[in-house]
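A.B. asks:
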Amino acid sequence: MKNNINDQAKKLLSTIYKSLAGDNNEAKELIKETFAKLDNEKNEPHVLLLQFVKQINPLIFQKKFSLTDEGHAAFKELTILAHSSNNNGMMFGFTATL
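Add 3 to a position in the sequence shown, counting from 1, and you land on the number used in this note's numbering.
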């Protein structure tokens, strides 16, 4: 299951990265770091994804970058995956940013 979550997350992160409009190095670096950390077996995917969402949200609110429609959809899906892939599989409440 962990590999399935990793694969899904990597696909979504790739889509987000490709859909970044503008030259926002901070967002790109966060994506690259999260992508790389997913390969480490010691890391829990849902924890990494929650950290990513928490770090990227301020950039979205500050309008430091924009995403294509496909990127928005991938970010929403990644946010849901982050919140739903916890240890017991329950969905936690969260504030949608997009």
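For each residue, glycine too, the CB sits at the ideal point set by N, CA and C.
Under the three-state reduction of DSSP, which class applies to Ala85: helix, strand or coil?
C.D. replies: Three-state DSSP puts Ala85 in a helix.
A.B. asks: Using a Cβ distance threshold of 8 Å, determine whether the segment 65 to 77 contacts the segment 39 to 53, with at least three qualifying pairs required.
C.D. replies: No, because fewer than three Cβ pairs between the segment 65 to 77 and the segment 39 to 53 fall closer than 8 Å, the two stretches do not touch.
A.B. asks: Excluding five sequence neighbours on each side, which residues of the same chain lie with their C-beta closer than 7 Å to the C-beta of Phe68?
C.D. replies: Leu23, Ala24, Gly25, Asn27, Ala30 and Leu62
A.B. asks: Could you spell out the range, first to last residue, of the alpha helix (DSSP H) harbouring Thr37?
C.D. replies: Asn28 to Leu41
A.B. asks: Considering only C-alpha positions, which residue in the set Phe64, His86 and Glu32 is nearest to Ile19?
C.D. replies: Closest in alpha carbon position to Ile19, among Phe64, His86 and Glu32, is Glu32.
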